[in-house]
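Q: The structure that follows is given in the form of structure tokens.
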Amino acid sequence: MTPPSDFLRAVEAVLFASDEPVSIDTIRAHVGQGDVREALEQLAQDYAGRGIELVRRGDRWLFQTAGDLAHLLRRQREEVRRLSRAATETLAIIAYHEPVTRAEIEAIRGVQISRGTLDVLMDAGWIRPTGRREVPGRPLTFGTTPAFLVHFGLESRRDLPGIEDLRAAGLLEPVDLAIEQLAVEKPDDDA
Amino acid sequence: MTPPSDFLRAVEAVLFASDEPVSIDTIRAHVGQGDVREALEQLAQDYAGRGIELVRRGDRWLFQTAGDLAHLLRRQREEVRRLSRAATETLAIIAYHEPVTRAEIEAIRGVQISRGTLDVLMDAGWIRPTGRREVPGRPLTFGTTPAFLVHFGLESRRDLPGIEDLRAAGLLEPVDLAIEQLAVEKPDDDA
Amino acid sequence: MSGEQLTLDLDGWEGPLDLLLSLARAQKVDLREISILALVEQYLVYVERARTLQLELAADYLVMAAWLAYLKSALLLPRDPEVEPDPEELALRLQLRLERLAAMREAGARLMARDRLGRDVFTRGAPEGLHTARTARWSAGIFDLMSAYGQVSARTRPVMHVVHDREVMTLDAAIARIAALIGTAIDWTAIERFLPDHAGPALRRSALASSFLAALELARQGRVELNQRAPFEPLYLRAPV
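Protein chains in written order, with the numbering used here: chain A, 475 to 665; chain B, 475 to 665; chain C, 129 to 369.
Following this line, the structure appears as structure tokens:
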């Protein structure tokens, strides 16, 4: 690493001391005048290849241990909850399709979501209601949270694995509920 | 810093992720074979002069933010707040009657003052203890400060409008009296 | 295929679409190249077997079976251009739905396999924390100060209350007056008629208030009847009939 400037040291200390990912505004509030963005880039370079890394998650930054050291650090007790298959799929659908309603999730999975599935994901802090779809009934829409990006190590939703390929293949098109429901839940009576 | 070896990176990550200072034995339990002591020395060198430092406490090691940057972690934020009515009245009484004791303020207001009221005014820098009244109990007397004059744009306390000025400005009319007067002045419609 | 195996399999499906996807996967080709007809056939066989084994199938499996049976017949029969919708398009749509479910399933798995915070990567174990100390900057204006002092002074300054001597009619006088006058009132008479004729405005006000209370008291005693059509309408009195 190059010998750091006082400003760089200050940004480094604030990032290091924070108990959660910090935004540029928060950093600036602590360190005062200076180019925080440039300092972040310099720090990211300084730490590249070390045992700890500076990473960006949405519009927040944090230091975390390098991923390839996971096997050395993994704690005895598994603190990360194992998601059910239904919850995993639901989370993926929300992440790749957001904002998305419960009915749209059900149309993609072809099965109703049980009451607890969304609760589990909200409880984990990974999804949240993001608004309402302006259709009859004004159903809630769901989307992911900043904590989702932090937990799964994504800089932004654009980094979701394979999202560009899926989009190109037309698999992320908005769900046409009218057609899907016709096909699955309500077969034509005259058929 | 020199490009770190995998062993050094592992030691670095363990130190970073640990929630308490770690002994060499604990580090070794995580990272396996290697010269932990040498890695610690190398890390201490790498981080010397940065925003975070590797420090030794007895036979345990930890990362901590550099001591000279500790002040950045505690940020001051100023919030403009309006004085409460009790505090404004108390300040006015002190300004008009100084030096004045707490008991005298209460006698003039006709209401007790809570402990916090004088604290707020002292915190604002507008009043200060000015001495003691030579009566039993030798209570503190309070008076205004130069900062008080500055804040309220007064050359001196003599610039405060007198009682007759207040009366002329209609400021001596208590609220309930004023309302009564309004009621009396209304012409009787039904008489 | 044995019945037991079938039971176990059915328990594992997350709905009919999941079952269809598994059957499609068994064709071991790209989802875009599966044979929808073969798939439909497999599904229907599956559901039929479940039925003959008297396994209880959730309604949505049966709904899907009915729809697939329709799709199959539409695909096999010569196309009737009058019939909406185009069966080829329905088949394509089904294939797309399977592709989409498969994509989401795989995406979920890839998501879960990432370096996850608290499992694979860790934040600092003992962060010092960032703190914000709030300091107040108090604000007040000179007018606030003056009016506050005015309030205090007005509140605590001795106030002399002078009650002006004025003509009033007491309740007792009003009761006596109405009791005396009501005897002669056969018809409903407005309460104002019971007031003294030559009273000034102040006395009239007092007399009206007292007479109203007197009327209520006499009504309570059964010595007078009251009548008012609606709130704020004239109040009428008469002797009990």
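Built from N, CA and C at the ideal position, the CB exists for glycine as well.
1. Starting from residue 539(A), find everything on chain C with Cβ-Cβ shorter than 7 Å and list it in chain order.
2. Only counting the same chain, and skipping five residues up and downstream in sequence, which positions put a Cβ closer than 6 Å to that of residue 567(B)?
3. What residue range does the alpha helix (DSSP H) around residue 220(C) cover?
4. Shorter than 8 Å from the beta carbon of residue 325(C) to some beta carbon of chain B?
5. Have a look at residue 591(A) and residue 162(C) and give me their C-alpha separation to the nearest angstrom.
6. Starting from residue 490(A), trace the beta strand (DSSP E) both ways and give me its first and last residue.
7. Between the C-alpha atoms of residue 640(A) and residue 193(C), what's the straight-line distance to the nearest angstrom?
8. Alpha carbon to alpha carbon, what distance is there between residue 255(C) and residue 537(B)?
9. Can we say the segment 475-493 of chain B touches the segment 631-645 of chain A, given the rule of at least three CB pairs closer than 8 Å?
10. For residue 583(A), report the span of its alpha helix (DSSP H) as first-last.
11. Under 8 Å between C-beta atoms, does residue 336(C) make it to chain A?
12. Out of 623(A), 558(A), 575(A) and 626(A), state which residue places its alpha-carbon closest to the alpha-carbon of residue 609(A).
13. Does the segment 609-624 of chain A come within contact of the segment 558-572 of chain A, defined as at least 3 CB pairs closer than 8 Å?
14. So that I know if they touch, is there some Cβ in chain B lying closer than 8 Å to that of residue 171(C)?
15. Got a sec: does the ligand GDP put a non-hydrogen atom nearer than 7 Å to the Cβ of residue 203(C)?
16. Report the residues of the segment 544-578 of chain A with a CB closer than 8 Å to any CB of chain C, ordered along the chain.
17. Would residue 361(C) count as contacting chain B if we go by Cβ distances under 8 Å?
18. For residue 647(A), count the other beta carbons within 10 Å of its own beta carbon; 16 or more makes it buried, fewer makes it exposed. Which is it?
19. Taking residue 268(C) as the query, report the chain A residues whose CB atoms sit under 8 Å from its CB, ordered along the chain.
20. Would the segment 207-225 of chain C count as touching the segment 173-185 of chain C if we require 3 or more Cβ pairs under 8 Å?
21. At a CB-CB cut-off below 9 Å, which residues of chain B make contact with residue 616(A)?
22. For residue 306(C) and residue 328(C), what's the separation of their Cα atoms in angstroms?
23. Of all Cβ atoms in chain B, is any one closer than 8 Å to the Cβ of residue 272(C)?
24. Using a Cβ-Cβ cut-off of 8 Å, state whether residue 635(B) counts as contacting chain C.
25. Closest by CA to residue 199(C), which one among 258(C), 165(C) and 229(C)?
26. Between the C-alpha atoms of residue 337(C) and residue 563(B), what's the straight-line distance to the nearest angstrom?
27. Looking only at DSSP bridge pairs, what is residue 259(C) linked to?
28. Classify residue 551(A): buried if its beta carbon has 16 or more other beta carbons within 10 angstroms, exposed otherwise.
29. Using the Cβ count rule (16 or more neighbours within 10 Å means buried), how would you classify residue 633(A)?
30. Out of 622(A), 650(A), 645(A) and 651(A), which has the shortest C-alpha to C-alpha gap to residue 534(A)?
31. Could you give the DSSP three-state label for residue 353(C): helix, strand or coil?
32. Just how far apart, CA to CA, sit residue 577(A) and residue 597(A)?
33. Roughly how many whole angstroms lie between the Cα atoms of residue 508(A) and residue 513(B)?
34. Would you please verify whether the beta carbon of residue 488(A) is less than 8 Å from any beta carbon of chain B?
35. Helix, strand or coil for residue 370(C)? Go by DSSP, reduced to three states.
A: Per the coordinate set shown:
1. Residue numbering aside, residue 539(A) sits at position 65 when the first sequence is read from its first letter. Result: 249 and 250.
2. Here residue 567(B) refers to the residue found at position 93 of the second sequence. Apart from sequence neighbours up to five positions away, the residues of its chain that approach residue 567(B) with a beta-carbon distance below 6 Å are 579 and 582, ordered along the chain.
3. Taking the third sequence and counting its residues from 1, one reaches residue 220(C) at position 92. Here the alpha helix (DSSP H) through residue 220(C) covers 215-240.
4. Here residue 325(C) refers to the residue found at position 197 of the third sequence. No, its Cβ sits nowhere closer than 8 Å to a Cβ of chain B.
5. Residue 591(A) sits at position 117 when you count from the first residue of the first sequence. Residue 162(C) sits at position 34 when you count from the first residue of the third sequence. The straight-line gap from Cα to Cα measures roughly 31 Å.
6. Position 16 of the first sequence holds residue 490(A). Note, residue 490(A): premise wrong, no beta strand (DSSP E); alpha helix (DSSP H) at 480-491.
7. On the first sequence, residue 640(A) is found 166 positions in, with the first residue counted as 1. On the third sequence, residue 193(C) is found 65 positions in, with the first residue counted as 1. For residue 640(A) and residue 193(C), the distance between alpha carbons rounds to 29 Å.
8. Taking the first residue of the second sequence as position 1, residue 537(B) is located at position 63. Taking the first residue of the third sequence as position 1, residue 255(C) is located at position 127. Near 9 Å, if we compare the C-alpha coordinates of residue 255(C) and residue 537(B).
9. no
10. Residue mapping note: residue 583(A) aligns to position 109 of the first sequence, counting from 1. Run containing residue 583(A): 576-583, per the alpha helix (DSSP H) assignment.
11. Here the question's residue 336(C) lines up with position 208 in the third sequence. Not one chain A Cβ lies under 8 Å of residue 336(C).
12. Along the first sequence, read from residue 1 onward, the residue named residue 609(A) stands at position 135. The shortest Cα separation from residue 609(A) among 623(A), 558(A), 575(A) and 626(A) belongs to 575(A).
13. yes
14. Locating residue 171(C) in the third sequence gives position 43, counting from the first residue. With 8 Å as the cut-off, residue 171(C) does not count as an interface residue toward chain B.
15. Looking at this structure, you won't find the ligand GDP or any other ligand, since it has none at all.
16. 544, 547, 548, 552, 553, 554, 557, 559, 560, 562, 563, 565, 566, 567, 569 and 570
17. Along the third sequence, read from residue 1 onward, the residue named residue 361(C) stands at position 233. Judged by the 8 Å Cβ criterion, residue 361(C) is not in contact with chain B.
18. Locating residue 647(A) in the first sequence gives position 173, where the first residue counts as 1. By the 10 Å Cβ count, residue 647(A) comes out exposed.
19. For the purposes of this step, residue 268(C) is taken as the residue at position 140 of the third sequence. Result: empty, since nearest Cβ-Cβ is about 27 Å, beyond 8 Å.
20. The segment 207-225 of chain C vs the segment 173-185 of chain C: no contact.
21. For the purposes of this step, residue 616(A) is identified with residue 142 of the first sequence, where counting begins at 1. By Cβ distance, chain B contributes nothing, its closest Cβ being about 32 Å from residue 616(A), past 9 Å.
22. Position 178 of the third sequence, counted from the first residue, corresponds to residue 306(C). Position 200 of the third sequence, counted from the first residue, corresponds to residue 328(C). Straight through space, the alpha carbons of residue 328(C) and residue 306(C) are spaced by roughly 19 Å.
23. Here residue 272(C) is taken as the residue at index 144 of the third sequence, counted from 1. Yes, residue 272(C) lies at the interface with chain B (some Cβ there is under 8 Å from its Cβ).
24. Position 161 of the second sequence, counting from 1, holds the residue named residue 635(B). Proximity of residue 635(B) to chain C, defined by a Cβ-Cβ separation below 8 Å, is satisfied.
25. Locating residue 199(C) in the third sequence gives position 71, where the first residue counts as 1. Selected option, being the one with the closest Cα: 165(C).
26. Within the third sequence, numbered from 1, the residue matching residue 337(C) stands at position 209. Within the second sequence, numbered from 1, the residue matching residue 563(B) stands at position 89. C-alpha separation (whole angstroms): 42 Å.
27. Working through the third sequence from its first residue, we reach residue 259(C) at position 131. Paired residues: 548(B).
28. Numbered from 1 along the first sequence, position 77 holds the residue referred to as residue 551(A). For residue 551(A), the predicted model reports a pLDDT of 47, less than 50, meaning its position is unreliable; a value from the coordinates is still stated below. Looking at its Cβ environment, which holds fewer than 16 other Cβ atoms inside 10 Å, residue 551(A) is exposed.
29. By 1-based counting over the first sequence, the position of residue 633(A) is 159. Looking at its Cβ environment, which holds fewer than 16 other Cβ atoms inside 10 Å, residue 633(A) is exposed.
30. Within the first sequence, numbered from 1, the residue matching residue 534(A) stands at position 60. For residue 534(A), the nearest C-alpha among the options comes from 622(A).
31. The residue labelled residue 353(C) in the question sits at position 225 within the third sequence. Strand at residue 353(C).
32. Locating residue 577(A) in the first sequence gives position 103, counting from the first residue. Locating residue 597(A) in the first sequence gives position 123, counting from the first residue. Answer to the nearest angstrom: the Cα atoms are 20 Å apart.
33. For the purposes of this step, residue 508(A) is taken as the residue at position 34 of the first sequence. For the purposes of this step, residue 513(B) is taken as the residue at position 39 of the second sequence. If I take the Cα positions, the gap works out to 34 Å.
34. Taking the first sequence and counting its residues from 1, the one referred to as residue 488(A) is at position 14. The Cβ of residue 488(A) sits closer than 8 Å to at least one Cβ of chain B.
35. This structure cannot speak to residue 370(C), because chain C is shown only from 129 to 369.
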